[in-house]
Structure formats: C-alpha cells, structure tokens
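In my numbering, the protein residues as written are 645 to 740. We put the CB at the ideal spot given by N, CA and C, even for glycine. Keep in mind it's a predicted model, so treat the numbers as computed, not measured.
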C-alpha cells in the first residue's frame with residue numbers, strides 16, 4: 645500500500661485500487677486454505693480460517709464486499725500477519 649500510495653479512501657472508493665488489493669488477498673487466502681492441518685495446529689494463534697474465509701467472501705462476493713473491513717485488514721491486520729508467517733517460514737525451514 646505504501647509503495648503504491650494507495651490510501652484508505654482510495655480503497656473505499658476506487659475500483660482499480662480495490663482490484664489491485666483484492667487480487668493479492670485472493671492469493672494469500674488460497675495458499676492459507678491449502679496449508680496442512682498439522683501446520684495450522686502447530687500455530688493456532690494465527691487466524692488461518694479467517695484469512696481463508698476472507699478469500700472466499702471476496703471471490704464469491706457474498707452479500708457484497710464491505711470495503712471498511714477490507715481497509716481494516718489491509719491497513720491494520722495484514723502487516724503483522726505477514727511478519728508472523730515470515731517467522732514461521734524461517735522456523736520450519738531452519739529446522740530441516
């Protein structure tokens with residue numbers, strides 16, 4: 645978001661910005677959905693089902709998309725989640 649100067653207002657009102665943000669969210673949710681149950685159980689503090697569920701809501705557009713929620717996810721929740729996933733990846737790849 646910072647790199648592209650997309651603001652919260654852009655995300656609420658601009659279709660191009662919405663598309664630019666939802667496409668990566670689809671991909672993240674899809675990959676999380678296919679993580680092994682074992683990995684998810686080993687890191688239960690992560691919101692795996694919420695991330696996958698967000699992807700399903702975006703793709704299937706159940707009852708429309710609440711862009712206020714997407715703004716919160718993108719601007720508040722995503723960066724800490726990505727940092728935690730990086731730590732998990734480091735942990736599981738360094739123990740091999």
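Query                                                                                                  : Result
CA-to-CA distance, residue 685 to residue 649, given in whole angstroms                                : 36 Å
Nearest neighbour of residue 662, chosen from 738, 724, 710 [CA to CA]                                 : 710
Start-to-end residues for the alpha helix (DSSP H) that takes in residue 708                           : It is not in any alpha helix (DSSP H) - residue 708 carries neither H nor E in the DSSP assignment.
Residue 724 - containing alpha helix (DSSP H), residue span                                            : 722-738
Stretch-stretch touch, CB-based, cutoff 8 Å, three pairs: the stretch 653-661 with the stretch 681-695 : no
8 Å contact criterion, which residue 699 and residue 678 should meet: CB distance rounded              : No, residue 699 and residue 678 are not in contact; Cβ-Cβ is about 11 Å, not under 8 Å.
Rounded C-alpha distance that separates residue 651 from residue 716                                   : 12 Å
Distance CB(residue 666)-CB(residue 702) smaller than 7 Å                                              : yes
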